Structure formats: C-alpha cells, structure tokens
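Number of protein chains: 2
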Amino acid sequence: MVWTDAQGRALTDHPRPSVAVDVAVLTVLDGGLRLLVVDGPFGRALPGTFLHPGERLADAAARALRDKAGVGDLAFHQLGLYDDPARDDRGWVLSMAHGSASPSHSLPPTAELVEIVDDRSALPLAFDHDDMVTAAVHDLRARYADDADPDALLGDRFTLLELRRVHEAIVGRPLPKDTFRRRMLTHIEGTGELVTADAGRPAELFRRIRAHPDA
Amino acid sequence: MVWTDAQGRALTDHPRPSVAVDVAVLTVLDGGLRLLVVDGPFGRALPGTFLHPGERLADAAARALRDKAGVGDLAFHQLGLYDDPARDDRGWVLSMAHGSASPSHSLPPTAELVEIVDDRSALPLAFDHDDMVTAAVHDLRARYADDADPDALLGDRFTLLELRRVHEAIVGRPLPKDTFRRRMLTHIEGTGELVTADAGRPAELFRRIRAHPDA
DNA sequence: CTAATAGTGTCTCTGAGACACTATTTG
DNA sequence: CAAATAGTGTCTCAGAGACACTATTAG
C-alpha cells in the first residue's frame, strides 16, 4: 500500500528538505553572556549538522557539539524550526534551533566565545543564526526567572554571590542582594559549609533543591 | 561545487525525512476546552499535512487547516518538532506541532470537537498527537496567565464575565470575580457601553489594550 | 582598629484572595 | 418588593525593593 497526500502524490514522490540542527550554547564569562561559535565555510556560525537517516534530533545536536566544538554532555532543548526556503544557499534546508547553557569551564579552552550584546551576538553569524541566538537568550532568561540554576551553570555547591552573578549576566542588569537572597531561598538550601574568599565574612555554600514543591 | 557534511557525503546523497505539520486547534465551548480533530485512515488525528517543496511551515499549517478542517485565518505558533523515527508507520516523518486557539463560532458547524480532560484529549489520537495536544494546552495556559485574551478567543468587545469564563476554561478551575477583574484591568479598557443579559445589572463592555506598557 | 563581604530587620508598596457590601437591572 | 448580576471597599497575606543595620572574616 502506498500512502498518498491530499493531492494524490505518493509520499516518496515529494522532494524532501534537508533537516539540520544548530545549537546555541550560552555561557557566563567575566560577568557577561557569551556564545560558543565555530568557524566554517560560511563564516562564524553555531555548531550544527545535518540530521542523519533515522537519527533523533537530540542525538544529532549532541553529535554536532562533539564534532564541531569538542564539547559533550550538554543538556539542550528545542527553540524553533527555521524554515525560510532561502535561508541556506545550498538548497532547501530546515534547521531546528536548540538552546543550551553550560559552565564556561566545561568548554574546551580553544572554544571561540563571542559576547552577547543586546540579546544578540556581538559578531554577525551565518544564515539565520543571529535569530536563533536571540531566541536562545530569551529562552534562557525565561527559564532562570523562576528558578535558581536550572541549567547547572554552577556546580553542586555555590555561594549566593556566585549565583547572583550568574543571574545578573543572564538578565543583563544588577540585582539587589537582599531581595535576591530571599527570593532564591525557596529554590536552594544551605549546606552547613562555609567558604572564605579573599576578604570578608565567609559565605555559606548552598545547593539546589530537587523539584518545585508544588509539582 | 558540492557541499558535503562532516562525513564527506554530498548533501544530496542523504536520505531525507518527510516533514509534516500538525495543528492543535483549541477552543472554548460550554465552559471547557475542546480540540478540533479530523478523521482519517489512522483514526482521529490533528489536522496536518506534508510540507510541500519550498513551502513555509506556516503556509503548510494554514493549508492543512483549510483542506482538512475547513477553517481559515487562524493564528498559530510552533510548539515542537516531533522526531521519533518510529512515530509514523509510513516511514521517516518528522512533524512540527503547532498550537492555535480560536473562537468556536469561527469553526465550521460540522467540525468535530473533543473535550480536553486533564490536559489531554478525551479520545485518543493517532501517532504522537496526544503529546502535541498536551503541549498545546500548556502553551495556551502560559500565554493566558499574564494577558487578557492574546489569541482573540473573544471578539473586539466583551464583558468581564465572558472573559472570566474563557480563563476558567483554560486554567481548568473557577476564578474569583473580584480579583480577576482587578487583575485584568491592566490589560483591558472599558468602552462606555453597557450590555444587558437576561437579568441583573448591565455589564460594561471592554476591549483589549494594544501592547504591554513596559515593552 | 579598618576594610570587606555575608546576612538580617524592617518599612513600604503592590497584587492576590476572601468577604461583605453597594449598584442597577428584570419581573 | 425579590432575584440576579455588576462592581467596590477593605482586610489580610505574601513577595519585591529599598535601606540600614548587625556579623564575621583578613589585615
């Protein structure tokens, strides 16, 4: 049996698009957001690849990160499918944009990180990757608005100052320390441990609390 | 010049997936959420279609709604790309799920509307369409949480009772009328007009306010 | 001691929820 | 008049922001 679409054409008669995945990996460095980019024949671009036959999108995205940028084990999620037929000169290519956030020390030292300015890459990217980056930044901001550190940009344990620096980089403005502390205390819990910096009173180390208590 | 991927294969050598679009159209009827479904060879399913060569996803989704369900002129947005290689027995088919909301009176009288119970279709759907519906319901709820009527489920003018009924259907629980009124007054503005129902004091008609004042 | 950083007490403002009240219509 | 629906006054509670205060370290 051959399945046909509404126009009576067999499925296999349809020219099909190539499907790609691209991943916008964001990180926090020097108090600001940065984006992982790779250089290729089209200039600076997000790490990406074409979907292999039968492959899952998540697997393709992980493969792109590994092969193009040398990073592994990142969590990411879908942002949107970019579908302008003219978005790629090579032909009809749809690309599923993914967003990810990861601590800068987990990226290879050779990784090229460009600044995020005004929710965009400071250096222009190939294809429609600039739009993907803006979507990734907005998505990151939305997910950090109501949680402490959902993407584990910090390690298991962290001080409230470290957590606040991460949030400030993501929202792009300074946050009041007292309000921030009280707001976060519903999402994190103190270990008894103290850690001392160069000067001043030692800070307590906190850890994330599992899930939302209302879920 | 022939572009190749990281494995050195030419792009055109890749077997490519079929790409489909599916649309979860939600509406409010009799105080509850309903879903527009169509009957096909696989049973009840969301209206959908295969992407035609060079076509935009939005155009394909609009075409599916027109051809499969007889509805036009709906706004929708992307929910996610469903990519399980085994999701469709006919072969390798990726499907971009879209969500939409539209007033029930704008749907054809013959449209089949199934109830939404517990964020799912009361009747099971083909493929992975049940998952798409749940995503659409959550998306709808998120977008109505901070706005009056972003998808224009009501007409230009409406009473606060009508608006509250819509929100109650979407969040799935009754809402207190006084709090709801005060919360909505930042998103809507009163016309001077009054409208009288069967009994009781006439209600004022309101309209949506353009955009968020903080944007 | 001072400088520096961590953390708290408290006031104000705003918004949600609860509850009772007033206002305006039909019959 | 009673019934029904629209809309308001007001109290309480919770959370955000502002500001000043206390606490604990290094030197």
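Protein sequences, first through last, are from chains A and B.
FYI, in the working numbering the residues of the first sequence are 992 to 1206.
FYI, in the working numbering the residues of the second sequence are 992 to 1206.
Backbone N, C-alpha and C fix where the C-beta goes; we use that ideal spot for every residue, glycine too.
In this text, all values refer to a predicted model and were calculated from it rather than measured experimentally.
Excluding the five sequence neighbours on either side, which residues of its own chain have a C-beta within less than 7 angstroms of the C-beta of residue i, listed in chain order?
{"i": "arginine 1155 of chain B", "result": "Leu1166, Lys1168 and Phe1171"}
{"i": "alanine 1036 of chain A", "result": "Val1028, Val1029, Leu1116, Ala1117, Phe1118 and His1120"}
{"i": "aspartate 1147 of chain A", "result": "Arg1198"}
{"i": "glycine 1071 of chain B", "result": "Ala1088 and Ala1126"}
{"i": "glutamate 1106 of chain A", "result": "Gly1023, Arg1025 and Ala1113"}
{"i": "tryptophan 1083 of chain A", "result": "Pro1008, Ser1009 and Pro1076"}
{"i": "arginine 1111 of chain B", "result": "Asp1121, Val1124 and Thr1125"}
{"i": "aspartate 1079 of chain A", "result": "Phe1118"}
{"i": "arginine 1132 of chain B", "result": "Ile1161 and Val1162"}
{"i": "aspartate 1130 of chain B", "result": "Leu1070 and Gly1090"}
{"i": "alanine 1066 of chain B", "result": "Ser1091 and Asp1142"}
Any idea what DSSP makes of residue i, helix, strand or coil?
{"i": "glycine 1034 of chain B", "result": "strand"}
{"i": "isoleucine 1200 of chain B", "result": "coil"}
{"i": "glycine 999 of chain A", "result": "Note on glycine 999 of chain A: pLDDT 46, under 50, position unreliable in the model; the coordinate value appears next. Looking at glycine 999 of chain A - three-state DSSP - the assignment turns out to be coil, as it is neither helix nor strand."}
{"i": "aspartate 1050 of chain B", "result": "helix"}
{"i": "leucine 1145 of chain A", "result": "coil"}
{"i": "arginine 1025 of chain A", "result": "strand"}
{"i": "alanine 1088 of chain A", "result": "strand"}
{"i": "alanine 1066 of chain B", "result": "coil"}
{"i": "aspartate 1074 of chain A", "result": "coil"}
{"i": "leucine 1042 of chain B", "result": "coil"}
{"i": "threonine 1170 of chain A", "result": "helix"}
{"i": "alanine 1060 of chain B", "result": "helix"}
{"i": "alanine 1188 of chain B", "result": "coil"}
{"i": "valine 993 of chain B", "result": "With a pLDDT of only 46 at valine 993 of chain B, under 50, the local geometry of the prediction cannot be trusted, and no value is derived from it."}
{"i": "histidine 1005 of chain B", "result": "coil"}
Using a 10 Å radius around the Cβ and a threshold of 16 neighbouring Cβ atoms, would you call residue i buried or exposed?
{"i": "proline 1099 of chain A", "result": "exposed"}
{"i": "arginine 1038 of chain B", "result": "According to the sequence as given, residue 1038 of chain B is proline; it is not arginine. Classification for proline 1038 of chain B: buried."}
{"i": "glycine 1045 of chain B", "result": "exposed"}
{"i": "arginine 1164 of chain A", "result": "exposed"}
{"i": "arginine 1007 of chain B", "result": "buried"}
{"i": "histidine 1158 of chain A", "result": "buried"}
{"i": "arginine 1025 of chain A", "result": "buried"}
{"i": "leucine 1042 of chain B", "result": "buried"}
{"i": "threonine 1101 of chain A", "result": "exposed"}
{"i": "alanine 1051 of chain B", "result": "buried"}
{"i": "leucine 1085 of chain B", "result": "buried"}
{"i": "aspartate 1013 of chain B", "result": "buried"}
{"i": "leucine 1056 of chain A", "result": "buried"}
{"i": "leucine 1152 of chain B", "result": "exposed"}
{"i": "alanine 1188 of chain B", "result": "exposed"}
{"i": "aspartate 1074 of chain A", "result": "buried"}
Residues of chain B with a CB under 9 angstroms from the CB of residue i: which are they?
{"i": "glycine 941 of chain A", "result": "Past the edges of chain A, shown from 992 to 1206, lies residue 941 of chain A, and the structure says nothing about it."}
Using a cut-off of 8 angstroms between C-beta atoms, extract the partners of residue i located in chain A.
{"i": "valine 1010 of chain B", "result": "Arg1007, Pro1008, Val1010 and Leu1085"}
So with CB distances below 7 angstroms, who are the chain A contacts of residue i?
{"i": "aspartate 1074 of chain B", "result": "Arg1047 and Leu1048"}
{"i": "glycine 1071 of chain B", "result": "Gln1069"}
Residues of chain A with a CB under 9 angstroms from the CB of residue i: which are they?
{"i": "proline 1038 of chain B", "result": "Ordered by position in chain A, no residue passes the 9 angstroms Cβ test against proline 1038 of chain B, which lies about 11 angstroms from the chain."}
{"i": "proline 1100 of chain B", "result": "Under the 9 angstroms cutoff, chain A gives no residues; its nearest Cβ is about 22 angstroms from proline 1100 of chain B."}
{"i": "proline 1044 of chain B", "result": "His1005, Pro1006, Arg1007, Pro1008, Pro1076 and Trp1083"}
To which residues of the same chain is residue i closer than 8 angstroms at the C-beta, ignoring the five residues directly before and after it?
{"i": "alanine 997 of chain A", "result": "Here the model assigns alanine 997 of chain A a pLDDT of 48, short of 50, so the residue's position is not dependable, and the following value carries that caveat. Here the set comprises nothing."}
{"i": "threonine 1150 of chain A", "result": "Val1186, Ala1194, Glu1195, Leu1196 and Phe1197"}
{"i": "leucine 1104 of chain A", "result": "Thr1018, Leu1020, Arg1025, Leu1026, Leu1027, Val1028, Ser1095 and Leu1098"}
{"i": "glutamate 1184 of chain B", "result": "Arg1148, Glu1195 and Leu1196"}
{"i": "arginine 1134 of chain B", "result": "Pro1141 and Asp1142"}
Excluding the 5 residues preceding and the 5 following residue i in the sequence, name in chain order all residues of the same chain whose CB lies nearer than 6 angstroms to its CB.
{"i": "proline 1094 of chain B", "result": "Leu1144"}
{"i": "alanine 1015 of chain A", "result": "Leu1037, Gly1090, Met1123, Val1124 and Ala1127"}
{"i": "glycine 1181 of chain A", "result": "Glu1195 and Phe1197"}
{"i": "alanine 1139 of chain A", "result": "Met1175, His1178, Ile1179 and Arg1199"}
{"i": "valine 1062 of chain B", "result": "Leu1056 and Leu1098"}
{"i": "leucine 1048 of chain B", "result": "Val1012 and Met1087"}
Is the closest heavy atom of the ligand NAD to the C-beta of residue i under 7 angstroms?
{"i": "proline 1094 of chain B", "result": "Among the ligands in the structure shown, none appear at all, so the ligand NAD cannot be discussed."}
Completely contained alpha helix (DSSP H) runs for the stretch 1091 to 1161 of chain B, where each covers 4 or more residues: 1120 to 1136
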